[in-house]
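Step one of this worksheet: look at the structure below.
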Ligand code: SF4
Ligand code: SF4
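Numbering (the numbering used here), first residue to last: 1 to 269.
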């Protein structure tokens, strides 16, 4: 859809007082870069754009106290954004009706005002990974163990512990992160091979069965570490072994926070 159609829609929305802030995308520091824009008056709506460069998952701002303080929010939403909102609902981070999702389409902006409306829309979307991404994770999975270990060690060794991945991820929302604990110091502050591995594995495990594959973490990583690949490997495992499809429904079916009495492993009983 054209940027002007989105801007017009947002102007009317803000003028009506139905929402107090619209979180969308504007052109960033380079023509192909996008930045989040927090539009609070109809006059500001002209900066909004929506195109293939608008990749960041804007749901990440919905839980920020500074944004909540602005009043009711609308957010320009891709599929991953909608899935994040449903996960926030399942994880009791967001109440129904507090956020309006705006989905730009060829025929205009679709407004989704409730969790049920989001769930209904997502039910029509394709699921699972595209064939090329699936082939890539299968290729890594089939490497001999030593080669697979060397691959991931080489990736993690480049980490500089900047935590941009954590800041960008809408599902890394703990108010106190394990990286900030120093009694005991679970994760070393400095960048070193073992500590880098600790950090990236802890983070990946916390996202396993929850990640919505938005790509915001890998886009934010200045070291171009294949976080996207790591997330997809774990998502594929969670899907294959636990049937996890995070963010598509309001069911509380987080794969790693539930157990079945008939689980095949004894230790869990
Ligand atoms: S781990 Fe990365 S891809 Fe997954 S939800 Fe967080 S930012 Fe998005
Ligand atoms: S963004 Fe990249 S370099 Fe920074 S902490 Fe995350 S994985 Fe490490």
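For each residue, glycine too, the CB sits at the ideal point set by N, CA and C.
In this text the structure is predicted, and so the values were computed from the model without any measurement.
| When DSSP labels each residue in this structure, what does residue 108 get in the three-state scheme? | strand
| task | Run the CB neighbour count on residue 119, radius 10 Å, all protein chains shown included, and call it buried at 16 or more, exposed below. | result | buried
| query | Where does residue 233 sit, in a helix, a strand or coil, going by DSSP? | reply | helix
| Beta-bridge partners of residue 38, as assigned by DSSP | 23
| request: Please go through the region 181 to 251 and give each complete alpha helix (DSSP H) segment of 4 or more residues, from N-terminal end onward. | output: 193 to 207, 216 to 220, 227 to 242
| query | Helix or strand or just coil, what does DSSP make of residue 100? | reply | strand
| message | Between the region 35 to 50 and the region 79 to 99, can you find at least three pairs of beta-carbon atoms closer than 8 angstroms? | response | no
| query | Would you say the region 56 to 72 touches the region 82 to 93, given that touching needs at least three Cβ pairs under 8 angstroms? | reply | yes
| said: Quick check on this structure: which residue in 242, 228, 247 has the alpha carbon closest to the alpha carbon of residue 258? | reply: 242
| field | N-terminal and C-terminal residue of the alpha helix (DSSP H) that residue 141 is part of | value | 131 to 141
| query | With a Cβ-Cβ cutoff of 7 angstroms, do residue 53 and residue 34 count as a contact? | reply | yes
| request: Tell me whether residue 143 is buried or exposed, calling it buried when 16 or more other Cβ atoms sit within 10 Å of its Cβ. | output: exposed
| field | Residues near residue 221 by beta carbon distance below 7 angstroms, same chain, minus five either side | value | 164, 165, 227
| field | Residue span of the beta strand (DSSP E) that contains residue 76, given as start and end | value | 73 to 76
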